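For the sequence shown, the numbering used here begins at 2 and goes up steadily by one.
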Amino acid sequence: MNASGAPEQKRIEVIFFRTHAGGEPVREWLKSLQPVEDRKQVGIDIKTVEFGWPIGMPVCRSLGKGLYEVRSNLTGNRIARVLFYVDAENRMVLLHAFIKKSQKTPPAEIELARKNQSLHEASLRLRNKDSQ
Numbered sequence: 002m003n004a005s006g007a008p009e010q011k012r013i014e015v016i017f018f019r020t021h022a023g024g025e026p027v028r029e030w031l032k033s034l035q036p037v038e039d040r041k042q043v044g045i046d047i048k049t050v051e052f053g054w055p056i057g058m059p060v061c062r063s064l065g066k067g068l069y070e071v072r073s074n075l076t077g078n079r080i081a082r083v084l085f086y087v088d089a090e091n092r093m094v095l096l097h098a099f100i101k102k103s104q105k106t107p108p109a110e111i112e113l114a115r116k117n118q119s120l121h122e123a124s125l126r127l128r129n130k131d132s133q
């Protein structure tokens with residue numbers, strides 16, 4: 002609820018990146034995340050971005066070139082990151098997620114998110130071409 006008592010509106014819709022085979026890697030990662038409190042924390046942090054977009058630190062940070070990370074602190078001093086971008090339809094597309102094991106986000110994790118972003122953009126172009 003906002004200050005006037007009305008329900009808050011989402012500022013951006015969240016969707017999961019979907020592979021050609023129909024898999025949703027971030028959803029699958031979330032379902033496997035243990036304990037359940039950690040799964041809930043990541044969900045809360047994604048929701049914070051969804052309702053507060055654009056939002057900055059400590060919950061969200063730009064990684065450059067349109068890629069962002071949702072930053073979640075988990076139990077056992079673990080840190081999770083969910084990488085996303087905002088697509089041409091103004092949706093927050095969850096591209097890749099992982100448990101962070103070092104100070105710096107590993108380049109391979111960013112590369113995988115960018116690959117998924119390219120696949121998502123290609124599927125949008127194909128869908129738009131088919132609807133013409």
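For every residue, glycine included, the Cβ atom is placed at its ideal position computed from N, Cα and C. This structure is a prediction, so every number in the text was calculated from the model and none was measured.
{"Check": "LYS105, DSSP secondary structure in three states", "Outcome": "coil"}
{"Check": "Sequence-distant residues of its chain with Cβ nearer than 6 Å to GLU110 (five each side left out)", "Outcome": "PHE99"}
{"Check": "ILE100 in three-state terms, based on DSSP", "Outcome": "strand"}
{"Check": "Range of the contiguous alpha helix (DSSP H) that encloses VAL43", "Outcome": "37-53"}
{"Check": "Cα-Cα separation between LEU127 and GLY77, rounded to whole angstroms", "Outcome": "43 Å"}
{"Check": "Contact under 8 Å by Cβ, LEU31 with ARG19", "Outcome": "no"}
{"Check": "Cβ neighbour criterion (16 or more within 10 Å) applied to GLU70", "Outcome": "buried"}
{"Check": "Sequence-distant residues of the same chain with beta carbon closer than 8 Å to THR106, five excluded per side", "Outcome": "LEU64, GLU70 and ARG82"}
{"Check": "Rounded C-alpha distance that separates ALA123 from ASN129", "Outcome": "10 Å"}
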